[in-house]
Amino acid sequence: MRLDGRVAVITGGGRGLGEGIARRLAQDGARIAILELVVPNGERVGASIPGARAYEVDVTDLAALSSTLARVREDFGRLDIMINNAGITRDRTLKNMQVDEWDAVIRTNLTGVWNGCKAALPYVVDAGPAGRIISLSSTSYLGNFGQVNYSASKAGVVGLTRTLALEVARWGVTVNAIAPGFIDTAMTRAMPPDVFDRAVSAVPLGRAGQPSDVAGAAAFLASDDAAYVTGQVLFVCGGYTISASHV
Ligand SMILES: NC(=O)c1ccc[n+]([C@@H]2O[C@H](COP(=O)([O-])OP(=O)(O)OC[C@H]3O[C@@H](n4cnc5c(N)ncnc54)[C@H](O)[C@@H]3O)[C@@H](O)[C@H]2O)c1
């Protein structure tokens, strides 16, 4: 199995894409640490993956994240793969958006990713060429109505990823982002059904993505097969961004 012997941390691993990524990396042989704000969800996923452990953490809290990763390293003996997946939405047009909705999304989706990179850095550098940082961006970073906060946060993840890739390349560590398009999770099911259906109809492959589609991309980037891939954004969007409006 291509991730045998590796230890992977997944933030926001208690449901949705994070849960899918955790399950897939475990299938590929990795040992899994789930970091989650909603404790029962983290524990449910942790308990259902052999050898996995769940930890309560809020990614917006750098001190808490750093001490949690130190515990992961102690519990598992190493930490090779950091997946910055935790994210939230607070959608509104700028006209109606309140400053707390801007702050919450930037704090979780961008500062949370910076915190994850900062806290994981010594461990992934120790892992050398097995070291991986993979962060969840989104096709929305290209622009998406009603998401100025979310789009800005996910564009920030791209800039952070490309720059950090340069800084850690000397150790063989790779840093990449995944930009999912429209994936069927609780986050997207929270939309009104007609908005959900309209979004699906704009996908060239004709369906919403599944968490397993994103998990497959994460497993690739985490593996030695992607050892020469760094600073990239891998779109997992059923072709959505091919259309002229995204060029
Ligand atoms: N679903 C999609 O279509 C889609 C598309 C593009 C990008 N994404 C991104 O993928 C990631 C996962 O999305 P999802 O659809 O699975 O969302 P989700 O809401 O189903 O799951 C997100 C998880 O993150 C956790 N979380 C939120 N804030 C946290 C915090 N401060 N600390 C720790 N954990 C926290 C939540 O408790 C939840 O378990 C997000 O970054 C999201 O922006 C999702």
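Yeah, the sequence shown ends on 260 if you go by my numbering, and it's all consecutive. Every residue, glycine too, gets a C-beta built ideally from N, C-alpha and C.
Boundaries of the beta strand (DSSP E) harbouring residue 147: 145-149, taken from the DSSP string. Short note on residue 110: C-beta not closer than 6 Å to any heavy atom of ligand 1. Residue 222 holds the alpha-carbon nearest to the alpha-carbon of residue 252 among 222, 241, 18 and 240. Cβ neighbours of residue 105 within its own chain (closer than 7 Å, five residues either side excluded): 114 and 159. For the segment 189-223, the continuous alpha helix (DSSP H) assignments of 4+ residues that do not extend past its boundaries occur at 199-202 and 206-214, in sequence order.
If you ignore the 5 residues before and after residue 52, its C-beta comes within less than 7 Å of the C-beta of 69, all in its own chain and listed in chain order. At a cut-off of 3 residues, the continuous stretches assigned as beta strand (DSSP E) that sit fully inside the segment 68-123 are 94-97. Within the segment 127-176, the complete beta strand (DSSP E) segments at least 3 residues long are 145-149, listed from N- to C-terminus. Following the DSSP letters along the chain, one finds residue 35 inside the alpha helix (DSSP H) bounded by residues 29-40.
For the options 151, 204, 235 and 136, the alpha carbon positioned closest to that of residue 191 is the one of 151.
The alpha carbon of residue 240 has as its nearest neighbour, out of 209, 187 and 193, the alpha carbon of 187. A check of alpha carbon separations from residue 102 across 37, 95 and 119 identifies 119 as the nearest. Between residue 67 and the set 26, 169 and 245, the nearest pair of CA atoms involves 26. With a cutoff of 7 Å on beta-carbon distance, residue 47 and residue 96 are scored as not near each other. Considering only 63, 132, 245 and 36, the residue with the shortest C-alpha distance to residue 168 is 245. Shown here, residue 62 sits in coil according to DSSP, grouped into three states, outside any helix or strand.
In this structure, ligand 1 has no non-hydrogen atom nearer than 6 Å to the beta-carbon of residue 210. Collapsing the DSSP output to three states places residue 19 in coil. Less than 7 Å separates the beta-carbon of residue 227 from that of residue 193.
The three-state secondary structure of residue 24, taken from DSSP, is strand. Residue 50 sits in coil when the DSSP states are folded into three classes, being neither helix nor strand. Each of 31, 182 and 130 was checked against the Cα of residue 58, and the nearest Cα belongs to 31.
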